[in-house]
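Comments concern the structure below.
Numbering (the UniProt record's numbering), first residue to last: 1 to 656.
In structure tokens, the structure reads:
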């Protein structure tokens with residue numbers, strides 16, 4: 001896929017998309033989370049890119065929503081859907097749904113929505129979804145105890161790129177390799193010519209290491225699973241609650257996750273725990289061992305009466321002997337015992353094995369002295385040995401566990417993706433259930449709605465009156481003020497938008513013709529000045545050119561200028577739309593004037609007021625076909641004429 005061919009994607013964004021493992025698949029699926037992992041692409045931008053990619057795939061020019069009010073209706077519809085998503089991913093993914101002119105895209109979403117409507121949005125399932133998020137890649141990994149070595153400058157550059165987590169060292173000869181072996185717990189050598197060289201330390205010649213880097217940096221896999229632990233467990237719970245079978249073996253996944261700590265380290269291995277404790281507690285054990293040995297010497301000296309002949313004392317002094325020399329002669333056995341006790345303490349407290357215990361021999365010993373002191377160089381050597389053993393053990397276990405987890409990675413990722421997509425399906429299901437939706441038929445011209453109720457009104461949905469209304473061709477919609485004309489247009493616009501998104505609509509039944517563009521013009525706020533009036537006429541002039549296939553909804557266009565001129569302008573627009581076979585609904589209070597000015601018989605429907613009850617208007621919300629509805633003033637005059645014997649009101653009523 002040529003990324004720059006996607007609408008709105010330039011060279012910089014295309015370069016970011018190219019860094020994804022499978023950008024084409026993510027774009028085709030509308031996977032906003034995957035696209036947003038590209039450098040410098042936000043989730044909102046990712047949704048826009050996904051929409052562009054889908055439009056390009058289906059050949060959609062993106063021109064369905066032709067006016068600001070049409071776009072507002074779409075935004076309202078999308079908002080109702082997104083409110084019913086549990087996850088942020090679900091919200092962003094729903095933003096890739098848009099009204100399309102292309103039947104292939106509409107049918108694609110209809111198939112998805114039909115399946116989604118069968119989903120049961122069980123509260124437990126929704127609660128489980130709350131913890132699911134897209135998996136995040138492992139980042140910021142740095143390994144200091146192992147390194148990669150090579151004598152080739154080109155291989156050095158390749159290693160830096162393939163294994164950025166490990167130090168990469170350049171070597172020239174065996175001596176330098178030996179130095180690395182003493183400095184790192186493990187050295188991976190990329191050059192085959194070093195095979196067979198015997199050097200100190202754990203040095204492994206692996207010429208093909210760069211072809212399978214994850215085997216040499218198990219921390220990548222372990223950190224990935226550690227960082228995503230809660231997401232994975234939440235996704236597993238979603239599948240169990242939904243009763244679906246994920247690609248991933250959940251028992252194996254949970255068992256493996258139990259062996260990884262929050263930092264990506266290994267837990268639950270007794271030998272590793274022992275080695276870690278030895279390395280961590282060595283200094284404390286040596287310090288305590290000194291105290292044990294010195295306590296023994298102190299007690300021995302305190303209990304011993306030492307007698308030195310004068311000639312012996314003189315001889316020792318003349319020879320430059322110190323008090324330690326006297327201790328060596330008089331307390332040699334006690335000193336040996338103190339050293340033995342100190343060594344035993346280190347071995348026992350650290351639980352050293354026989355090989356490790358040999359290093360302790362060098363820590364305490366030598367010529368008798370008081371106080372007993374340790375050999376720091378020997379301690380350092382033991383520390384190095386214990387740390388290397390610990391790191392090698394950890395690396396061995398990490399490598400083994402990472403190999404297990406790599407087998408689970410793709411199934412686990414699929415499990416999470418399926419859970420996230422389930423949230424999208426459940427959002428559609430909840431939308432359909434909350435607003436008593438049905439899948440519309442897309443056929444014919446115009447629209448036909450039975451039992452439609454708008455969720456866009458500022459009243460509880462169950463209190464919304466159902467509306468039956470259908471139009472083919474060009475129609476005027478009349479009715480009393482506050483009788484629901486604008487709400488009816490909004491309902492029509494909403495159902496047409498949802499139908500072309502491929503989604504269910506809030507009606508008992510609905511048929512919508514294939515619409516190429518939705519032109520919805522909201523009521524103008526007051527009379528327009530000359531410039532604005534001219535601009536509006538130009539807009540309608542462009543509208544009526546090639547209008548076949550368009551659906552036009554207009555709310556009280558007459559407010560743009562004085563009534564007489566407005567009636568003539570509306571009549572002219574309706575004539576052009578009629579000649580081109582477009583479908584249109586114009587809300588107007590000037591039906592008589594428009595009819596008189598039009599060159600064809602304009603259909604007029606009416607939202608009829610039943611009457612006034614306690615000063616409140618009672619209305620039949622479903623427009624009556626071929627009926628000019630009475631105005632509110634006429635109803636009020638009619639009520640006054642009925643309540644009074646005064647001929648004034650009856651005379652006024654006759655004027656209507």
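All residues carry an ideal CB built from backbone N, CA and C; glycine is no exception. These figures come from a predicted structure and were not determined experimentally.
Grab me the residues of residue i's own chain with a C-beta within less than 6 Å of its C-beta, minus the 5 sequence neighbours each way, in chain order.
{"i": "residue 349", "result": "285"}
{"i": "residue 573", "result": "540"}
{"i": "residue 278", "result": "350, 386"}
{"i": "residue 341", "result": "292, 293, 296"}
{"i": "residue 497", "result": "73, 74, 77, 99"}
{"i": "residue 335", "result": "368"}
With DSSP as the reference, label residue i as helix, strand or coil.
{"i": "residue 625", "result": "coil"}
{"i": "residue 555", "result": "strand"}
{"i": "residue 383", "result": "helix"}
{"i": "residue 607", "result": "strand"}
{"i": "residue 7", "result": "coil"}
{"i": "residue 510", "result": "strand"}
{"i": "residue 476", "result": "strand"}
{"i": "residue 544", "result": "coil"}
{"i": "residue 516", "result": "coil"}
{"i": "residue 114", "result": "helix"}
{"i": "residue 442", "result": "strand"}
{"i": "residue 84", "result": "coil"}
{"i": "residue 317", "result": "Residue placement at residue 317 is poorly supported in this model, since its pLDDT is 47, which falls under 50; the coordinates still yield a value, given next. DSSP places residue 317 in helix when its eight states are reduced to three."}
{"i": "residue 448", "result": "strand"}
{"i": "residue 252", "result": "helix"}
{"i": "residue 369", "result": "coil"}
{"i": "residue 470", "result": "strand"}
{"i": "residue 65", "result": "strand"}
{"i": "residue 618", "result": "strand"}
{"i": "residue 12", "result": "helix"}
{"i": "residue 600", "result": "coil"}
{"i": "residue 487", "result": "helix"}
{"i": "residue 2", "result": "coil"}
{"i": "residue 461", "result": "helix"}
{"i": "residue 130", "result": "coil"}
{"i": "residue 244", "result": "coil"}
{"i": "residue 235", "result": "helix"}
{"i": "residue 418", "result": "helix"}
{"i": "residue 124", "result": "helix"}
Determine which residues share a DSSP beta bridge with residue i and list them.
{"i": "residue 147", "result": "187"}
{"i": "residue 96", "result": "Answer is none; residue 96 lacks a bridge partner."}
{"i": "residue 266", "result": "260"}
{"i": "residue 583", "result": "551"}
{"i": "residue 505", "result": "438"}
{"i": "residue 521", "result": "554"}
Under the assumption that residue i contacts residue j (Cβ atoms under 8 Å), give the Cβ distance between them as a whole number of angstroms.
{"i": "residue 32", "j": "residue 129", "result": "The Cβ separation is near 16 Å, so there is no contact."}
{"i": "residue 523", "j": "residue 478", "result": "Incorrect: roughly 15 Å between the Cβ atoms, too far for contact."}
{"i": "residue 519", "j": "residue 66", "result": "5 Å"}
{"i": "residue 90", "j": "residue 54", "result": "At roughly 17 Å, the Cβ-Cβ gap does not stay under 8 Å, so residue 90 and residue 54 are not in contact."}
{"i": "residue 445", "j": "residue 583", "result": "6 Å"}
{"i": "residue 229", "j": "residue 257", "result": "6 Å"}
{"i": "residue 494", "j": "residue 73", "result": "6 Å"}
{"i": "residue 143", "j": "residue 165", "result": "5 Å"}
{"i": "residue 138", "j": "residue 223", "result": "4 Å"}
{"i": "residue 225", "j": "residue 420", "result": "About 18 Å; that fails the 8 Å criterion."}
{"i": "residue 397", "j": "residue 197", "result": "So it is not a contact: roughly 27 Å between Cβ atoms."}
{"i": "residue 392", "j": "residue 221", "result": "About 19 Å; that fails the 8 Å criterion."}
{"i": "residue 622", "j": "residue 476", "result": "With a Cβ gap of about 16 Å, residue 622 and residue 476 do not count as contacting."}
Looking only at its own chain, which residues have a Cβ that is under 8 Å from the Cβ of residue i, when we skip the five neighbours before and after it?
{"i": "residue 313", "result": "In this prediction, residue 313 has a pLDDT of 46, which is less than 50 and means its spatial position is unreliable; what the coordinates show is noted afterwards. Answer for residue 313: no residue qualifies."}
{"i": "residue 172", "result": "151"}
{"i": "residue 199", "result": "174, 177, 178, 181"}
{"i": "residue 168", "result": "147, 148, 149, 150, 156, 159, 160"}
Going along the chain, which residues of its own chain have a beta-carbon closer than 7 Å to the beta-carbon of residue i, five neighbours each way excluded?
{"i": "residue 317", "result": "At residue 317, the pLDDT of 47 sits below 50, so the modelled position is not reliable; the number obtained from the coordinates is stated separately. Excluding residues within five positions, none has a Cβ falling inside 7 Å."}
{"i": "residue 471", "result": "446, 447, 583, 585"}
{"i": "residue 192", "result": "205, 207"}
{"i": "residue 500", "result": "64, 99, 100, 106, 515"}
{"i": "residue 663", "result": "Summary: the structure shown does not reach residue 663, with the chain confined to residues 1 through 656, and so no result is reported for it."}
{"i": "residue 375", "result": "362, 363"}
{"i": "residue 262", "result": "226"}
Please tell me whether residue i has its Cβ less than 7 Å away from any Cβ of chain B.
{"i": "residue 106", "result": "Included in the structure is just one protein chain, with no chain B present."}
Original post:
For the stretch 159 to 228, which segments carrying the beta strand (DSSP E) assignment without a break, of at least 3 residues, lie completely within its bounds, in sequence order?
Top reply: 168 to 170, 186 to 189, 203 to 205
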